[in-house]
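Working notes, beginning with the structure itself.
As structure tokens, this is what we get:
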């Protein structure tokens with residue numbers, strides 16, 4: 081089959097449907113399709129959102145922070161988005177490196193001018209210092225009344241320890257080539273000439289910052305430099321009054337009003353193969369486990385021994401029943417991952433009987449929770465033991481062994497002092513195979529990147545990962561549709577490619593999750 085034919089056969093799962101296809105649908109599906117964007121309509125417009133959150137700079141080897149190295153690929157992807165009409169920046173940063181702030185700003189502004197795309201900044205919690213530098217990238221800046229904005233200044237801070245090392249008897253030895261190489265040494269007393277050097281650096285950086293703000297906010301600032309650029313910060317309304325931002329507005333309301341039919345696309349970093357693998361590992365739809373019911377407790381051999389009672393007779397108690405094993409369906413589970421690292425489950429043995437006709441304690445059964453849709457097969461997978469098709473169904477797969485009888489059961493006219501009891505029954509044991517088949521009403525099958533996940537996200541409250549590269553969906557996703565006082569479930573499975581039955585791509589093993597569709 082050619083790729084074109086394959087795409088036609090799978091067009092039912094595409095996010096953008098031709099009107100001719102929509103007209104051929106009937107009933108509930110037709111209503112679902114009408115909720116999706118139509119190719120060539122205004123809804124094909126895209127507003128890309130870049131999230132600039134965190135400290136600016138290379139914080140450490142684990143948490144890189146905001147810098148041009150980590151953001152450049154995201155910035156380029158945002159501006160390369162098809163049918164792009166605007167870029168929105170969400171800002172939530174207390175500041176950081178002025179150099180990285182400048183590099184990020186220049187990169188975004190350069191592409192905005194080149195591609196003639198407007199950029200809008202939306203301050204969330206804080207846009208202070210370098211955070212406000214990033215906010216000024218936008219042609220317009222908006223914030224909440226409670227957002228913190230400003231802090232247009234430069235700070236350097238540290239600690240001095242000269243007195244401490246003297247008290248500890250530590251001698252500081254420093255050797256340099258260049259008389260100012262060791263300025264602001266924290267283990268030496270502060271010198272005025274060192275402070276002048278650092279203040280001069282701060283002044284140059286501050287002037288660069290001020291010039292950038294004035295350039296981007298030209299004609300909008302309403303206060304003098306000594307008020308705006310002294311390092312102070314303000315809440316949203318004051319920032320509007322000072323001309324530091326353009327208004328109080330949230331991003332989603334702004335987009336809805338200005339680009340009514342546009343689709344919002346969040347530009348996020350692609351998952352590394354490690355994260356993808358871990359995500360896929362959490363969805364387990366097959367497991368093999370060993371189950372062992374508890375043995376019954378042994379009956380006791382005991383005789384009544386009390387003062388003044390010569391022939392007390394037997395009083396051995398019975399053994400308690402061993403614990404059984406029950407499997408129970410739980411609608412809040414959607415994977416068998418709990419059985420990935422623990423495959424052996426053994427119930428407790430019943431307690432042995434005791435004297436004075438005291439029976440041993442019986443053990444409570446183990447209850448193992450499984451997702452709705454789980455099937456229980458015998459060890460060789462040739463016999464179906466049980467199929468969980470609804471929530472809170474229970475299946476006692478193993479019963480605990482019965483307790484043994486105490487010697488009081490064996491008293492007779494012939495044997496008044498029996499020394500006989502029985503052992504408890506051995507609990508049952510077996511290996512079983514668990515197979516999960518998700519229960520849904522509608523299944524989506526198609527090529528990778530056909531738009532199946534977009535369909536699911538558009539018609540339900542599900543939030544599957546959506547991106548512009550193949551095999552974004554690595555595991556099945558479920559979503560519930562509420563329509564005309566009715567509800568039904570849609571299953572989105574990973575994409576299929578030619579040769580999937582031979583193991584190409586992600587294979588075809590996920591097809592079992594749509595077998596129950598009706």
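Numbering (our numbering), first residue to last: 81 to 598. Beta carbons are placed, not taken as given, at the ideal position from N, Cα and C, and that holds for glycine. Only a predicted model underlies this, so the values are computations on that prediction, with no experimental measurement involved.
Helix, strand or coil for residue 500, going by three-state DSSP, please let me know.
The answer is coil: DSSP assigns residue 500 none of H, G, I, E or B.
Identify whether residue 291 lies in helix, strand or coil by the three-state DSSP scheme.
It is helical.
Output yes or no for whether 8 Å exceeds the beta carbon distance between residue 514 and residue 419.
Against a cut-off of 8 Å, the Cβ pair of residue 419 and residue 514 comes out as a contact.
So residue 527 packs on residue 576, CB below 8 Å; how close in whole Å?
About 7 Å separates the two Cβ atoms, so the contact holds.
Taking contact to mean 3 or more Cβ pairs, one atom from each stretch, closer than 8 Å, check whether the region 524–539 and the region 490–505 are in contact.
Taking 8 Å as the limit for Cβ pairs, the verdict is that the region 490–505 does not touch the region 524–539.
One question on the structure: do residue 381 and residue 501 come within less than 8 Å of each other, judged by their Cβ atoms?
Yes.
Among residues of its own chain, excluding the 5 on either side of residue 309, which ones have a beta-carbon nearer than 6 Å to its beta-carbon?
For residue 309, where only same-chain residues beyond five positions count, the Cβ hits under 6 Å are 232, 290.
Which of helix, strand or coil does DSSP assign to residue 194?
Residue state, collapsed to three classes: helix.
Within the continuous alpha helix (DSSP H) that includes residue 321, where are the two ends?
It spans 316–321 - the alpha helix (DSSP H) in which residue 321 sits, taken as one unbroken run.
Secondary structure at residue 489, three-state DSSP: helix, strand or coil?
Residue state, collapsed to three classes: helix.
Is residue 324 near the ligand GTP, judged by its Cβ being under 7 Å from some heavy atom?
This structure lacks the ligand GTP, and indeed carries no ligand of any kind.
Is the CB-CB distance between residue 132 and residue 164 below 8 Å?
No; because the gap between Cβ atoms is not below 8 Å, this pair is not in contact.
Say whether the region 247–258 touches the region 318–331, bearing in mind that this needs 3 or more beta-carbon pairs closer than 8 Å, one atom from each stretch.
In short, these stretches do not touch, since the Cβ pair count stays below three.
I need the DSSP call for residue 352, collapsed to helix, strand or coil.
In this prediction, residue 352 has a pLDDT of 49, which is less than 50 and means its spatial position is unreliable; nothing more can be read from the coordinates.
Exposed or buried, what is residue 463 when buried is set at 16 or more other beta-carbons lying within 10 Å of its beta-carbon?
With fewer than 16 other Cβ atoms within 10 Å, it is exposed.
Tell me whether residue 236 sits in a helix, a strand or coil according to DSSP, three-state version.
Coil, per DSSP.
Closest to residue 507 by CA distance: which of 299, 456, 377 is it?
Checked all of 299, 456, 377; the closest Cα to residue 507 is 377.
Got a sec, what are the start and stop residues for the alpha helix (DSSP H) residue 337 sits in?
Segment 331–338, the alpha helix (DSSP H) holding residue 337.
Taking DSSP as the reference, what is the three-state secondary structure of residue 205?
In the structure shown, residue 205 sits in a strand (DSSP, three-state: E or B).
Under DSSP, the beta strand (DSSP E) around residue 242 begins and ends at which residues?
Run containing residue 242: none in the beta strand (DSSP E); it sits in the alpha helix (DSSP H), 242–247.
Select from 512, 374, 128, 395 the residue whose C-alpha is nearest the C-alpha of residue 335.
Among 512, 374, 128, 395, the Cα nearest to that of residue 335 belongs to 128.
Short of 7 Å in beta carbon distance, which residues of its chain neighbour residue 263, apart from the five on each side in sequence? Order them along the chain.
Hits under 7 Å: 274, 277.
Please classify residue 372: is it buried, with 16 or more other beta-carbons within 10 angstroms of its beta-carbon, or exposed?
With 16 or more other Cβ atoms within 10 Å, it is buried.
Cutting at 8 Å between CB atoms, please list the residues of its own chain near residue 135, excluding the five before and the five after it.
145, 146, 173, 174, 175, 176, listed in sequence order.
How many angstroms separate the CA atom of residue 516 from the CA atom of residue 366?
If you take the alpha carbons of residue 516 and residue 366, they lie about 6 Å apart.
When burial is assigned at 16 or more other CB atoms within 10 Å of the CB, is residue 240 buried or exposed?
The residue is exposed, with fewer than 16 neighbouring Cβ atoms inside 10 Å.
Taking Cβ to Cβ, would you say residue 155 is nearer than 8 Å to residue 197?
No, Cβ-Cβ distance for residue 155 and residue 197 is not below 8 Å.
Could you please give me the residues that DSSP links to residue 131 through a beta bridge?
Paired residue(s): 170.
On the three-state DSSP scale, how would you describe residue 495?
Residue 495 falls in the coil class under three-state DSSP.
Apart from the five residues just before and just after residue 221, which ones in its own chain have a Cβ nearer than 6 Å to its Cβ?
The answer, listed in chain order, is 201, 215, 325, 326.
For my contact list, residue 406 and residue 445 are in at a C-beta cut-off of 8 Å; report their separation, rounded to the angstrom.
Sure, about 5 Å apart at Cβ, within 8 Å.
How would you label residue 345, buried or exposed, when you count the other beta carbons within 10 angstroms and need 16 or more for buried?
When all chains shown are included, residue 345 counts as buried.
Return the bridge partner residues of residue 571 from the DSSP annotation.
523, 558, per the DSSP bridge assignment.
Just the Cα atoms here: how many angstroms apart are residue 562 and residue 569?
Going by the C-alpha atoms only, they are around 9 Å apart.
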